[in-house]
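Converting from the sequence shown to this note's numbering requires adding 3 to each position, the first position being numbered 1.
Ideal placement from N, C-alpha and C gives every residue a C-beta, glycine not left out.
The model shown is predicted, which means the values in this text are computed figures rather than measured ones.
Only one structure is covered here, and it is reproduced in the block below.
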Amino acid sequence: MWYNERHMSKNVKLEDIVSLSKRRGFIFPGSDVYGGLSGTWDYGPLGVQLKRNVMQLWWKMFVDERDDMYGVDAAILMNKKVWEASGHVATFTDPLVECSNCHARHRADKLEDANKCPTCGQTGTFGEPRAFNMMFKTNVGPVADENSISYLRPETAQGVFTNYKNVVDTFYPDLPFGIAQQGKGFRNEISPRDFIFRDREFEMMEIEYFVHPDMWQEAFDHWVEQSKKWFEALGLPADMVHELEVPEDDRAHYSKRTIDFEFDFPIGREELMGLAYRTDFDLKNIQDHSGKNMEYQVKGTNDKFIPHVIEPSFGVERALMAVLTAAYTEDEVNGEKRVFLKLPEHLAPVKYSVSPLLKNKPELVEKAREVYAALKKKYGAVMWDDNGNIGKRYRRQDEIGTPHVVVIDFQTLEDGTVTVRDRDTTEQQRVTLEAI
Numbered sequence: 004m005w006y007n008e009r010h011m012s013k014n015v016k017l018e019d020i021v022s023l024s025k026r027r028g029f030i031f032p033g034s035d036v037y038g039g040l041s042g043t044w045d046y047g048p049l050g051v052q053l054k055r056n057v058m059q060l061w062w063k064m065f066v067d068e069r070d071d072m073y074g075v076d077a078a079i080l081m082n083k084k085v086w087e088a089s090g091h092v093a094t095f096t097d098p099l100v101e102c103s104n105c106h107a108r109h110r111a112d113k114l115e116d117a118n119k120c121p122t123c124g125q126t127g128t129f130g131e132p133r134a135f136n137m138m139f140k141t142n143v144g145p146v147a148d149e150n151s152i153s154y155l156r157p158e159t160a161q162g163v164f165t166n167y168k169n170v171v172d173t174f175y176p177d178l179p180f181g182i183a184q185q186g187k188g189f190r191n192e193i194s195p196r197d198f199i200f201r202d203r204e205f206e207m208m209e210i211e212y213f214v215h216p217d218m219w220q221e222a223f224d225h226w227v228e229q230s231k232k233w234f235e236a237l238g239l240p241a242d243m244v245h246e247l248e249v250p251e252d253d254r255a256h257y258s259k260r261t262i263d264f265e266f267d268f269p270i271g272r273e274e275l276m277g278l279a280y281r282t283d284f285d286l287k288n289i290q291d292h293s294g295k296n297m298e299y300q301v302k303g304t305n306d307k308f309i310p311h312v313i314e315p316s317f318g319v320e321r322a323l324m325a326v327l328t329a330a331y332t333e334d335e336v337n338g339e340k341r342v343f344l345k346l347p348e349h350l351a352p353v354k355y356s357v358s359p360l361l362k363n364k365p366e367l368v369e370k371a372r373e374v375y376a377a378l379k380k381k382y383g384a385v386m387w388d389d390n391g392n393i394g395k396r397y398r399r400q401d402e403i404g405t406p407h408v409v410v411i412d413f414q415t416l417e418d419g420t421v422t423v424r425d426r427d428t429t430e431q432q433r434v435t436l437e438a439i
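Here is the structure:
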């Protein structure tokens, strides 16, 4: 396994990850040139590739490699009846308090001191908490009235549930089966914080797994194990991931059982993903409110019932933050501190970097360009780097998590071999061009 004892990520500070992310083109504050917009983040060239790698890995593991999974991509804007029936309009709220001194607003259940305003420092200035609905409301069409109201979806799950009957009618899958979706979600967080951990705009990867009501426990256990395989594929050390059995009083109103998988982030142990047994709550709601039959009929029988649902729900940004936390490593090379991202190779945004040993030698540059073009055609995620001396190039590639740096030198011109440097060990080997 790529993880070893030199790993030091448990000592990582949030500011280390934020600084590296901005410095190396992973993640930037949203609308930064205009002073930013709280709770929004922009992904730079390396960040968008890392994000795509995480999402593509998820789709490969949970959709492409399974024969019981169907993908959908539902619209972000949905009929408001969807959110009325699901309970979001009435109950999707957080407790909001406002300081009477500075008028700052805060989420009441996240205050370190319930009587002290963290903005102005005054005590006793909060009134009673009030329910604040976190959905972004908008209007569809040219007339803004009650009939044109819609919402930016706060989750992707309802888009799956509203397409359940479409999938059953067109594919008629055997139970159990799942419907998977990746996509944007929006929540008007009272106080977004901690880098990309809690945002107003984010991406989710969710599965609704439909089962016979008597088989929910077996399916739930299956998804516990699948979640653990996902964490391993992300390169997260097992001792940094924890299971929390959520007590009944803290579960969502639709859940009969929930496990939160938590991770040791730099901000502390927080939720990484959730696994919930939603019973038949959602499909029954749709049936009651829409009048459409949501029953599943077992093939070759008269057995009909509304399936129950197991929901593994993955946040992309939290997965990214966990990956960066686990990968961030510091060690010493030749007496100098080195920072590098020990990313699993299949997640690294750049797989190879290609460099001529000296950029003022045309014959080396020409050969290096040939090697770069060949690797780029085969692997895609390949970077050309001739900026600064070779030591600086190594450090730069280490910091963005590039597993291999290929150097073209004078021996390459003689025998066709190149130097390949390993990111984690810093060891160098001479190999033939054909070998890579």
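With distances taken between CB atoms, is the gap from residue i to residue j smaller than 7 Å?
i: residue 318; j: residue 207; result: yes
i: residue 404; j: residue 367; result: no
i: residue 313; j: residue 286; result: no
i: residue 52; j: residue 406; result: no
i: residue 370; j: residue 428; result: no
i: residue 424; j: residue 401; result: no
i: residue 239; j: residue 325; result: yes
i: residue 162; j: residue 77; result: yes
i: residue 283; j: residue 256; result: no
i: residue 355; j: residue 409; result: yes
i: residue 275; j: residue 266; result: yes
i: residue 33; j: residue 47; result: no
i: residue 412; j: residue 360; result: yes
i: residue 74; j: residue 85; result: no
i: residue 71; j: residue 180; result: yes
With which residues is residue i paired in a DSSP beta bridge?
i: residue 181; result: 72 and 212
i: residue 422; result: 410 and 433
i: residue 200; result: BP columns for residue 200 are empty, so no partner.
i: residue 316; result: 209 and 277
i: residue 334; result: 341
i: residue 110; result: 99
i: residue 271; result: 268
i: residue 154; result: 81 and 140
i: residue 45; result: 31
i: residue 359; result: 411
i: residue 385; result: 355
i: residue 133; result: 99
i: residue 248; result: 262
i: residue 300; result: 307
i: residue 189; result: 204
i: residue 119; result: 126
i: residue 282; result: 312
Taking the alpha-carbon positions, what's the residue i to residue j distance?
i: residue 294; j: residue 108; result: 41 Å
i: residue 435; j: residue 422; result: 9 Å
i: residue 363; j: residue 433; result: 23 Å
i: residue 43; j: residue 203; result: 6 Å
i: residue 140; j: residue 154; result: 5 Å
i: residue 430; j: residue 343; result: 15 Å
i: residue 120; j: residue 97; result: 17 Å
i: residue 420; j: residue 439; result: 10 Å
i: residue 89; j: residue 160; result: 10 Å
i: residue 9; j: residue 23; result: Note that residue 9 scores 39 on pLDDT, short of 50, meaning its location in the model is unreliable; the coordinates nonetheless yield the value given after this. Approximately 20 Å, taken between the alpha carbons.
i: residue 237; j: residue 50; result: 15 Å
i: residue 193; j: residue 36; result: 23 Å
i: residue 281; j: residue 389; result: 54 Å
i: residue 6; j: residue 178; result: With a pLDDT of 32 at residue 6, under the threshold of 50, the predicted position of this residue should be treated as unreliable, and no value is reported.
i: residue 471; j: residue 91; result: An answer regarding residue 471 cannot be provided, because it is not within the stretch 4 to 439 covered by the chain.
i: residue 26; j: residue 130; result: 42 Å
i: residue 302; j: residue 322; result: 39 Å
i: residue 103; j: residue 40; result: 24 Å
i: residue 12; j: residue 297; result: Summary for residue 12: the model assigns pLDDT 38, below 50, so the residue's position carries little reliability; its value from the coordinates is reported in the next sentence. Approximately 47 Å between the Cα atoms of the pair.
i: residue 99; j: residue 111; result: 6 Å
i: residue 348; j: residue 304; result: 49 Å
i: residue 268; j: residue 229; result: 21 Å
i: residue 350; j: residue 152; result: 40 Å
i: residue 4; j: residue 57; result: Confidence at residue 4 is low in this model, with a pLDDT of 30, below 50, so the placement of that residue should be treated as unreliable; the coordinate-derived value is given next. Cα-Cα distance, rounded: 18 Å.
i: residue 21; j: residue 62; result: 27 Å
i: residue 396; j: residue 227; result: 42 Å
i: residue 338; j: residue 387; result: 28 Å
i: residue 391; j: residue 60; result: 34 Å
i: residue 105; j: residue 291; result: 46 Å
i: residue 19; j: residue 157; result: 30 Å
Rounded to whole angstroms, how far is the Cβ of residue i from the Cβ of residue j, which I believe are closer than 8 Å?
i: residue 188; j: residue 205; result: 6 Å
i: residue 315; j: residue 182; result: With a Cβ gap of about 12 Å, residue 315 and residue 182 do not count as contacting.
i: residue 264; j: residue 244; result: 6 Å
i: residue 223; j: residue 260; result: 7 Å
i: residue 233; j: residue 64; result: 7 Å
Any contact of the region 164-175 with the region 135-149, i.e. 3+ C-beta pairs under 8 Å?
As far as the Cβ criterion goes, the region 164-175 does not touch the region 135-149, which means the pair count is below three.
Any 3 or more C-beta pairs closer than 8 Å across the region 382-399 and the region 317-332:
With the rule of 3 Cβ pairs closer than 8 Å, the region 382-399 does not count as touching the region 317-332.
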